[in-house]
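For reference, the structure is listed below as structure tokens.
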Amino acid sequence: MVEPRADERDAPRWWRALGFLIASALIAAAIAGLLWAFDRYGWYAGLIVVFIALYYPPLTFVLFPGVWIRRADPPPRAEEDLERRRPVWLALSALYLDTELGEDDHARIAEALRESGYSAEELEEILYRELHPVLCMNLISVAGEWAGFDMEWVEEEILRRRRREARVAIVFGKWLVSNEWSQLKERIEAR
Numbered sequence: 137m138v139e140p141r142a143d144e145r146d147a148p149r150w151w152r153a154l155g156f157l158i159a160s161a162l163i164a165a166a167i168a169g170l171l172w173a174f175d176r177y178g179w180y181a182g183l184i185v186v187f188i189a190l191y192y193p194p195l196t197f198v199l200f201p202g203v204w205i206r207r208a209d210p211p212p213r214a215e216e217d218l219e220r221r222r223p224v225w226l227a228l229s230a231l232y233l234d235t236e237l238g239e240d241d242h243a244r245i246a247e248a249l250r251e252s253g254y255s256a257e258e259l260e261e262i263l264y265r266e267l268h269p270v271l272c273m274n275l276i277s278v279a280g281e282w283a284g285f286d287m288e289w290v291e292e293e294i295l296r297r298r299r300r301e302a303r304v305a306i307v308f309g310k311w312l313v314s315n316e317w318s319q320l321k322e323r324i325e326a327r
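Here my numbering is used: the first residue of the sequence shown is 137, the next is one more, and so on.
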């Protein structure tokens with residue numbers, strides 16, 4: 137029997153250690169993102185998040201946070217701009233439905249967003265800072281909403297949450313809609 141070389145014996149341990157470090161980083165990032173999103177519930181929400189992340193690792197990958205950076209002046213506060221904001225929320229909420237969006241859907245959404253008068257940067261802030269925290273869980277739900285959201289409920293949830301004024305934010309699950317948003321942003325800026 138041939139004895140394996142030292143580097144062959146150590147490779148599995150090295151890979152296990154790397155895997156553990158990556159998993160730990162993902163769990164920590166997911167926890168940080170969730171704590172940021174649910175900070176209004178207090179410390180016990182953080183404890184629940186820790187248990188979920190530790191016992192259900194796939195959820196950690198789904199909720200892996202992305203970073204959002206404000207690149208322009210923020211849009212007016214939602215409370216002060218409801219008439220302009222409602223059509224934007226309705227259009228962008230389609231990104232969170234449990235359906236595939238086609239070219240016609242993208243064109244319709246982009247047209248509604250252009251008509252709002254908001255810049256692409258303002259629309260991105262509305263998407264990730266107002267709508268995303270309310271609707272993103274629908275995309276990872278086993279039986280997500282597919283017909284359309286109750287926009288009164290969406291509005292109440294958005295207005296109930298306090299608006300964060302930071303220029304940088306951790307947005308958990310940002311990747312869930314980032315591709316769709318990129319396509320819409322190109323259409324909006326094309327005109």
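All C-beta atoms in this analysis are idealised placements derived from N, C-alpha and C, irrespective of residue type, glycine included. Predicted model only: the values in this text are computed from it and were never measured.
Same chain, Cβ closer than 8 Å to Arg-244, five either side skipped, listed in chain order: Excluding residues up to 5 positions away in sequence, Ala-227 lie with their Cβ nearer than 8 Å to the Cβ of Arg-244 in the same chain.
Distance between Leu-271 and Asp-234 (C-alpha atoms, nearest Å): 11 Å
Strand pairing of Phe-285, partner residues [DSSP]: According to DSSP, which records beta bridges pairwise, Phe-285 is partnered with nothing at all.
Range of the contiguous alpha helix (DSSP H) that encloses Ile-324: 311–326
Reduced DSSP secondary structure (H/G/I, E/B, other) of Val-290: helix
Residue interval of the beta strand (DSSP E) (run including Ala-208): Neither: Ala-208 is in no beta strand (DSSP E) and is coded neither H nor E.
Whole-number beta carbon distance between Ala-256 and Ile-324, since they are thought to touch under 8 Å: 5 Å
Alpha helix (DSSP H) runs contained entirely in the stretch 203–272, provided each spans 4 or more residues: 218–229, 239–251, 256–261 and 268–271
Inter-residue spacing [alpha-carbon to alpha-carbon] between Leu-320 and Arg-265: Leu-320 and Arg-265 have their C-alpha atoms roughly 17 Å apart.
Inter-residue CB distance, Glu-260 and Trp-317 (contact presumed, cutoff 8 Å): 7 Å
DSSP state of Ala-279 mapped onto helix, strand, coil: coil
Span of the beta strand (DSSP E), counted from its first residue to its last, around Ala-305: From DSSP, the beta strand (DSSP E) with Ala-305 extends over 304–308.
Status (buried if at least 16 other CB within 10 Å, exposed otherwise) for Ala-252: The identity of residue 252 in the sequence shown is Ser, whereas the question assumes Ala. Classification for Ser-252: buried.
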